[in-house]
Amino acid sequence: MSRHGMNSVEVPETRTPFARNLRRMRRLLVYVRPHAWRAVVGLVAMLVATLTGLAGPYFAKLAIDRGIIPHQIATLAWIVAAFLGVQVVTIVAQSVQTYFVGWAGERVLTDLRTDLFAHLQRLELGFYERSRAGVLISRLTNDVEALQQLVTDGLTSTIGSTIALLGSAGILLALDWRLALATIAVFPLMSLSTLLFRRSSAKAYRAMRTKLGLATAALQEDISGVRVVQSFRREESNLARFVRVNGEYRDANQATVIANAWYFPVVGLLANAGTAIVFGYGGWLFIHGQVEIGTLVAFTGYLSNFFDPVQQLSQLYNTFLAATAALDKIFEVLDVEPRVADRPNAHELDLVGDVQLQAVRFGYRSDREVLHGLTLHATAGQTVALVGHTGAGKSTIVKLLARFYDPTAGAILIDGHDLRDVSQASLRRQMAIVPQEGFLFNGTVRENIAYGRPDASLADVQAAAHAVGADGFIEALPDGYETQVQERGVRLSIGQRQLVAFARALLVDPRLLILDEATSSVDLATEERIEEALGRLLAGRTAFVVAHRLSTIRRADVIVVLENGGVIEQGTHDELIALGGRYRALYGDWHGAALTLA
Ligand SMILES: Nc1ncnc2c1ncn2[C@@H]1O[C@H](COP(=O)(O)OP(=O)(O)O)[C@@H](O)[C@H]1O
Ligand SMILES: [Mg+2]
244 MSRHGMNSVE
254 VPETRTPFAR
264 NLRRMRRLLV
274 YVRPHAWRAV
284 VGLVAMLVAT
294 LTGLAGPYFA
304 KLAIDRGIIP
314 HQIATLAWIV
324 AAFLGVQVVT
334 IVAQSVQTYF
344 VGWAGERVLT
354 DLRTDLFAHL
364 QRLELGFYER
374 SRAGVLISRL
384 TNDVEALQQL
394 VTDGLTSTIG
404 STIALLGSAG
414 ILLALDWRLA
424 LATIAVFPLM
434 SLSTLLFRRS
444 SAKAYRAMRT
454 KLGLATAALQ
464 EDISGVRVVQ
474 SFRREESNLA
484 RFVRVNGEYR
494 DANQATVIAN
504 AWYFPVVGLL
514 ANAGTAIVFG
524 YGGWLFIHGQ
534 VEIGTLVAFT
544 GYLSNFFDPV
554 QQLSQLYNTF
564 LAATAALDKI
574 FEVLDVEPRV
584 ADRPNAHELD
594 LVGDVQLQAV
604 RFGYRSDREV
614 LHGLTLHATA
624 GQTVALVGHT
634 GAGKSTIVKL
644 LARFYDPTAG
654 AILIDGHDLR
664 DVSQASLRRQ
674 MAIVPQEGFL
684 FNGTVRENIA
694 YGRPDASLAD
704 VQAAAHAVGA
714 DGFIEALPDG
724 YETQVQERGV
734 RLSIGQRQLV
744 AFARALLVDP
754 RLLILDEATS
764 SVDLATEERI
774 EEALGRLLAG
784 RTAFVVAHRL
794 STIRRADVIV
804 VLENGGVIEQ
814 GTHDELIALG
824 GRYRALYGDW
834 HGAALTLA
């Protein structure tokens, strides 16, 4: 996601990495809270498993020094029994830990995903116009996925390994401090290689995430743009691009493979060096009667207890990097404030239909204004036609009327209420927009028409379809109104989708109807049929119509001619023709075009 895509303000990062992690974890904890008791049970079980796990080598020492060497069968039996008992506790605790931590972790992820989805739904259209769809989808999939390991296993393993590491070190020192110090002498080397490993894997990891994002984005664009890709024969070059990005991703992965390939053997070697010290120096101490043989056995046990966590922590480090990066990306999306939001005291609008634009200024970006102080008035029930060249700002006005954006200056009043003071729900409930490209959701034709009124009866749906002339083609579909539109090869043409969108708008019986080049994708015959229906569609409600077709424009009460984000002419058809200005010129063009077509 580009920086200004998320419109995050660049804050100089003054916090230490530790403080940042603390903040992340605190935020994640909010999601753990509802599942607190299970998480706590899991955590306690983890502590128990770690601590009892530490007891094993000590039992070996007791068995040898108190049972085997002095030939104390009874003592040995007790020790063996205790050892087994402790192992059972460890295994039960591990099982409880895995279950409860996993249980809570999965719920945390589910809640996070739901929150993300809910938040994305709250964000205004402008956010989506600024963002890449593929990137947003990857927030909900890849990034939540990357958290999985951390939440279900990583956090507890990190704590567990740390305790095991410190515990083993403590026990080693308590058992024999000279031998402990001698074996721990390999620790500086271990630390150094761990440091190098972390540095290279962190770098590789960051590169990996970036490359994965690029590969995903390339894939997503290729799939959604497949029509263009194939019609312009870009398959080869797109494949080449993908091969390159994919190769870069592999190379980034390769760097982690290399790091793993040297680091883990080195740690193994150092652990063996530690064991060698136990055998050499420990053996010398034993021969001189300064240490019991059981202590040496316990030492070798604790050494692996000591080195295993080092390896585990290094492995977890990658998980941790992945997860924190993902967490930051997820929180970044969650932190995007909707630019268009209801005011705390927003009131319900009971729409009559008087619409006023007062000196409205607007730009998608602060450095490029699109509307330069636009003033317009439509009284209730009027039809306003917006005409003008491509890029004049017609669709922008439509988006402002639906309050997908707020004006940067000036105001839009509906029935005298500033749009910013009314609730979006009440506004949108009473208005309908038919865009240029009708969108169909997975489901039946009937469900698609009833999208704004899911409880509408079939008769209502059929009436709406009939009114816009969509009934003919719908009845010819394999299952009529119950035809699944995204399945079994049933695809509607752009024009048919447009008709469904018309019916959808009509069914909600809006007070304010907006058609944005809604008839531009249907054929002439269909358009004429809609044209007939249009009289019924527009009657009794305020309507803004962006259209090319003269007959549609002509029936408007007011025609507004836009150019470069301003109104240059305004009036009825006859007035504007009489004026002999821009409309006259445009009308001449269309008239000529219509004549040649006819
Ligand atoms: N989402 C957007 N982000 C940035 N600029 C936009 C966006 N949509 C439209 N524009 C710009 O605003 C101007 C008006 O566009 P629009 O209202 O769609 O024109 P029309 O519908 O009249 O063809 C154009 O210059 C266009 O480039
Ligand atoms: Mg447009």
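Our numbering puts the first residue of the sequence shown at 244, with every later residue one more than the last. The beta-carbon is built from N, C-alpha and C at its ideal position, and this holds for glycine as well.
Query                                                                                                                                                                                 : Result
Tell whether a beta-carbon distance below 8 angstroms holds between residue 804 and residue 750.                                                                                      : no
Consider the Cβ of residue 291: report whether some Cβ of chain D lies at a distance smaller than 8 angstroms.                                                                        : Annotation note: the requested chain D is absent from the structure, which comprises a single protein chain.
Quick one: is the Cβ of residue 680 within less than 7 angstroms of any heavy atom of ligand 2?                                                                                       : no
Quick check for students: name the residue ranges of the beta strand (DSSP E) that lie wholly in the segment 675-705, counting only runs of 3 or more.                                : none
From this set, 270, 637, 655 and 756, which residue's C-alpha is nearest residue 674's C-alpha?                                                                                       : 756
For residue 671 and residue 645, what's the separation of their Cα atoms in angstroms?                                                                                                : 7 angstroms
From residue 362 to residue 355, what distance separates their C-alpha atoms?                                                                                                         : 10 angstroms
What residue from 761, 649 and 400 has the CA that sits closest to residue 583's CA?                                                                                                  : 649
Counting pairs of beta carbons, one from the segment 545-558 and one from the segment 525-534, are three or more of them closer than 8 angstroms?                                     : no
Output the residue ranges of the beta strand (DSSP E) runs that lie fully inside the segment 286-316 and measure 3 residues or longer, sorted by chain position.                      : none
Return the residue from the list 784, 379, 808 and 447 that minimises the CA-CA distance to residue 621.                                                                              : 784
Taking the alpha carbon of residue 384 as the reference point, which residue from 695, 374 and 359 has its own alpha carbon closest?                                                  : 359
Within 10 Å of its beta-carbon, does residue 469 have 16 or more other beta-carbons around it, so buried, or fewer, so exposed?                                                       : exposed
Would you tell me roughly how many angstroms separate the C-alpha atoms of residue 305 and residue 322, rounded to the nearest one?                                                   : 7 angstroms
For ligand 1, is there any heavy atom lying closer than 7 angstroms to the beta carbon of residue 638?                                                                                : yes
Should the segment 280-294 be regarded as contacting the segment 334-342, the criterion being three or more beta carbon pairs within less than 8 angstroms?                           : yes
Please report the distance separating the alpha-carbon of residue 514 from that of residue 447.                                                                                       : 26 angstroms
Determine the direct distance from the alpha carbon of residue 599 to that of residue 657, and round the result to whole angstroms.                                                   : 6 angstroms
Considering only the alpha carbon of each residue, which of 344, 350 and 301 lies closest to residue 326?                                                                             : 301
Among 410, 802, 617 and 774, whose alpha-carbon lies nearest the alpha-carbon of residue 552?                                                                                         : 410
Across which residues does DSSP place residue 270 in a beta bridge pair?                                                                                                              : For residue 270, which the question treats as bridged, DSSP gives no partner whatsoever.
Given a cut-off of 8 angstroms, decide if residue 407 and residue 297 are closer than it, judged by their beta-carbon atoms.                                                          : yes
Please tell me whether, using a cut-off of 7 angstroms, the distance from the CB of residue 372 to the nearest non-hydrogen atom of ligand 2 is below it.                             : no
May I ask whether a heavy atom of ligand 1 can be found less than 7 angstroms away from the beta carbon of residue 607?                                                               : yes
So who's on the other strand from residue 661, going by DSSP bridges?                                                                                                                 : 656
Would the C-beta of residue 664 count as close to ligand 2, meaning under 7 angstroms from any of its heavy atoms?                                                                    : no
Enumerate in chain order the residues of its own chain whose CB-to-CB distance from residue 726 is below 8 angstroms, with the five nearest sequence positions on each side excluded. : 687, 688, 717, 720 and 733
Please classify residue 265 as buried or exposed, where buried requires at least 16 neighbouring CB atoms within 10 angstroms.                                                        : exposed
Which runs of the beta strand (DSSP E) at least 3 residues long sit entirely within the segment 782-811? Give them in chain order.                                                    : 785-789 and 801-806
By the DSSP assignment, the alpha helix (DSSP H) with residue 583 in it spans what residues?                                                                                          : Here residue 583 belongs to no alpha helix (DSSP H), and DSSP marks it neither H nor E.
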